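Structure first, commentary second.
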Amino acid sequence: MNRVWKFGIAALGGILAACSGEGGDKLSGSSLETENSIALSVQLADGTPAARVQVFIRPDSYLASGDSLADSLANENMNFETNDSGSLTLTNLGYGSYIVEARSDSLKGASKFNYRSWHAGDGRVSLHVGPPGAVAGQVLLEENVDAPVTVAVQGLDYSTSTDSEGNFEFESLPAGNFEVVAFIQDDSTVVNEKGKKQHVSFVRKLGSVLAEVKSGQFREILIDARPPVLSFVLEDFENGVDNWKIDHSKDASGKIESADAGFGREGKAAHFTCTNDSLYQWVLMGYQLGGFVDMSGLDSIVFWARAEANEDTTKRTYVSFSFDMNLDSTSEEESGKAWMHIDVDTAWKRYVVVPSELQEPDSNKTGGNLGWDVVKRRITDISIFGGTGGEFWIDDIEVFGYSEFVAKKPED
56 MNRVWKFGIA ALGGILAACS GEGGDKLSGS SLETENSIAL SVQLADGTPA ARVQVFIRPD
116 SYLASGDSLA DSLANENMNF ETNDSGSLTL TNLGYGSYIV EARSDSLKGA SKFNYRSWHA
176 GDGRVSLHVG PPGAVAGQVL LEENVDAPVT VAVQGLDYST STDSEGNFEF ESLPAGNFEV
236 VAFIQDDSTV VNEKGKKQHV SFVRKLGSVL AEVKSGQFRE ILIDARPPVL SFVLEDFENG
296 VDNWKIDHSK DASGKIESAD AGFGREGKAA HFTCTNDSLY QWVLMGYQLG GFVDMSGLDS
356 IVFWARAEAN EDTTKRTYVS FSFDMNLDST SEEESGKAWM HIDVDTAWKR YVVVPSELQE
416 PDSNKTGGNL GWDVVKRRIT DISIFGGTGG EFWIDDIEVF GYSEFVAKKP ED
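Now the structure itself:
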């Protein structure tokens, strides 16, 4: 026999909406009592009643290991079993949205239904239940969270704890779309009606993601509980390249112009051409910030780039992304930079510049590299050097960690 379950939910005197389920015997009680009842039936695919099947009903907002059923369901045990006829009658269920889950052998199924105060006639919903699916993932946390993290499938009775790396796994879940929630248990001190202090615990949600669980399949998810990172587009080149300047050493040359991005990318880009036959010569396209910018809180800078294929296959095709600190000639300190060298492909690719990955300065401060810690609070320019020469297309330079750069004059 093909053991695929079919569920029906009949509305008796008031309900409807939908779902999967299985039932047990009669139950009563809720914080909002009515005289209505709900009939749930469980069947095999051929219509045969599925007797003695486990059924679990939870509010659709319920978090296992976080919420108390006593609080949300008026002390009512919401775990049931169908009778010998494969049916279950729920009486006086409080109005609201619930998820009903059925479990039998290696089969599972779940779906939401809404119990309302208006009469819905004899509506019936059916559903097939098959092999469960599996979900694994990771919770990304901000650094100051050190409490144990619980992950629960909202509306179902499944929860687990993350490991030291934030990883978690649910090996067996019913198919469907479910909100997977990461939370911690927090404590607080309150003053009661008698003026006495008491400790209370509550759930603090860190983040969640909607996961599609597919029958018999495994999938991975990510719950990013970190605060949103500020960002802004420094340059998209749609209005030209007037904000950028070309500079170069004596025996090198270069130019920058607005051009179609091409090669599958829409819009405009900066076409940066440089001729440079020596490691001791240089060409750059530079963006002046209008003063000193403190970038000590910089998360990253992202840009897109591609390069013209180099006829000399032994020659490296790269750019150097640089944070420049250009000081007045009267300053007692030396000007310099912090940079990293990036090999550029002939196809459009996204490149990420992270402060921690910038090149460490050597004892000779080669190329004027002073290191990030020296320049990060007084950056005056952002530059892209053309390596040992070639043709490059640069597009969509985006800054993460700031909503804008605020430049200060030296006298500020």
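When the count follows my numbering, it moves up by one through the sequence shown with no breaks and lands on 467 for the last residue. The beta-carbon is built from N, C-alpha and C at its ideal position, and this holds for glycine as well. Predicted model only: the values in this text are computed from it and were never measured.
Handout entry: Backbone secondary structure at Gly185 - three-state DSSP
Key = Taken through DSSP and simplified to helix, strand or coil, Gly185 comes out as strand.
Handout entry: DSSP bridge partner residues for Ala157 (one or two, in chain order)
Key = The beta-bridge partner set that DSSP reports for Ala157 consists of Val110, Gly164.
Handout entry: Sequence ranges, beta strand (DSSP E) only - wholly within the segment 395–440, length at least 3
Key = The segment 395–440 contains these whole beta strand (DSSP E) runs: 404–408, 434–440.
Problem - C-beta contact flag for Phe225 and Val190 at 7 Å - result: Result yes, Cβ atoms of Phe225 and Val190 sit closer than 7 Å.
Practice task
Tell me whether the beta-carbon of Leu378 lies closer than 7 Å to the beta-carbon of Met395.
Solution key: In the sequence as presented, Leu is not what sits at residue 378; that position holds Phe. Not in contact: Phe378 and Met395 (Cβ atoms no closer than 7 Å).
Practice task
Give the single residue among Val194, Pro114, Asp428, Phe318 whose Cα lies nearest to the Cα of Arg281.
Solution key: Comparing Cα positions, the closest option is Val194.
Problem - Distance between Glu275 and Glu415 (C-alpha atoms, nearest Å) - result: Looking at the two C-alpha atoms, the distance is approximately 37 Å.
Problem - Secondary structure, beta strand (DSSP E): runs of 3+ residues fully inside the segment 206–258 - result: As far as the segment 206–258 is concerned, its whole beta strand (DSSP E) runs of at least 3 residues are 214–216, 222–228, 231–246.
Exercise for the section: In the DSSP assignment, find the unbroken beta strand (DSSP E) run with Tyr457 in it and report its ends. Expected result: Premise fails: Tyr457 is in no beta strand (DSSP E) and is neither H nor E.
Handout entry: Three or more C-beta pairs below 8 Å linking the segment 304–320 and the segment 442–453
Key = Contact holds: three or more Cβ-Cβ distances are below 8 Å.
Handout entry: Assigned exposure category for Arg158 - 16 Cβ within 10 Å defines buried
Key = When all chains shown are included, Arg158 counts as buried.
Problem - Arg432 burial status per 10 Å Cβ neighbour count (16 or more: buried) - result: With fewer than 16 other Cβ atoms within 10 Å, it is exposed.
Problem - Three-state secondary structure (DSSP) of Tyr150 - result: Here Tyr150 sits in coil by DSSP.
Practice task
Using a threshold of 7 Å, state whether the C-beta atoms of Ile278 and Met340 are closer than that.
Solution key: Pairing Ile278 with Met340 gives a Cβ-Cβ distance that is not under 7 Å.
Exercise for the section: Pick out whichever of Asp400, Ala314, Ile112, Pro283 has its Cα sitting closest to the Cα of Glu293. Expected result: The residue with the shortest Cα to Cα distance from Glu293 is Ala314.
Handout entry: Collapsed DSSP secondary structure at Lys269 in the structure displayed
Key = Three-state DSSP puts Lys269 in coil, outside helix and strand.
Practice task
State yes or no: is the beta carbon of Ile397 nearer than 7 Å to at least one beta carbon in chain C?
Solution key: The question asks about chain C, but that chain is absent: this structure has only one protein chain.
Exercise for the section: Might you give, ordered along the chain, the residues of its own chain that have their beta carbon closer than 7 Å to the beta carbon of Val409, omitting 5 neighbours on each side? Expected result: Here the set comprises Ser355.
Practice task
Count the other CB atoms, across all protein chains shown, that sit within 10 Å of the CB of Ser96; report buried if there are 16 or more and exposed otherwise.
Solution key: So Ser96 counts as buried.
Practice task
Taking 7 Å as the cut-off, decide whether the C-beta atoms of Thr205 and Ser120 are in contact.
Solution key: Yes. Within cutoff.
Problem - Boundaries of the beta strand (DSSP E) in which Phe318 is found, first to last residue - result: Element bounds for Phe318: n/a, residue is neither H nor E.
Problem - Three-state secondary structure assigned by DSSP to Pro465 - result: Here Pro465 sits in coil by DSSP.
Handout entry: Leu211 beta carbon less than 7 Å from that of Glu156
Key = Less than 7 Å divides the Cβ of Glu156 from the Cβ of Leu211.
Handout entry: Where the beta strand (DSSP E) through Gly295 begins and ends
Key = Per DSSP, Gly295 is not a residue of any beta strand (DSSP E), being assigned neither H nor E.
Practice task
Can you grab the Cα-Cα spacing for the pair Gly352 / Ser219, in whole Å?
Solution key: Spanning the alpha carbons of Gly352 and Ser219 requires a straight line of approximately 27 Å.
Handout entry: Spatial distance of Asp332 from Arg371 (CA atoms)
Key = Near 12 Å, if we compare the C-alpha coordinates of Arg371 and Asp332.
Problem - Proximity winner among Phe318, Lys323, Val407, relative to Glu363 (alpha-carbon distances) - result: In terms of Cα proximity to Glu363, the closest of Phe318, Lys323, Val407 is Phe318.
Exercise for the section: Going by DSSP, name the residue or residues bridged to Lys260. Expected result: Within the DSSP secondary-structure output, Lys260 pairs in a beta bridge with Phe238.
Practice task
Could you have a look at Tyr335 and say whether DSSP puts it in helix, strand or coil?
Solution key: The three-state secondary structure of Tyr335, taken from DSSP, is coil.
Problem - N-terminal and C-terminal residue of the beta strand (DSSP E) that Val284 is part of - result: Per DSSP, Val284 belongs to no beta strand (DSSP E) and is neither H nor E.
Problem - Member of Glu388, Lys420, Ile452, Arg320 whose CA lies at the smallest distance from the CA of Asp471 - result: This structure cannot speak to residue 471, because the chain is shown only from 56 to 467.
Exercise for the section: Express the C-alpha separation of Pro186 and Pro203 in angstroms, rounding to a whole number. Expected result: Straight-line spacing of the CA atoms in Pro203 and Pro186 works out to 31 Å.
Handout entry: Bridge partners - Tyr117, DSSP secondary structure assignment
Key = None; Tyr117 has no bridge partner.
Problem - For Ser116 and Gly84, the rounded distance between their alpha carbons - result: Reliability of the predicted coordinates at Gly84 is poor, the pLDDT of 35 falling under 50, and no value is obtained from them.
Exercise for the section: Could you please give the first and the last residue of the uninterrupted beta strand (DSSP E) stretch that includes Ala362? Expected result: For Ala362, the enclosing beta strand (DSSP E) starts and ends at 355–362.
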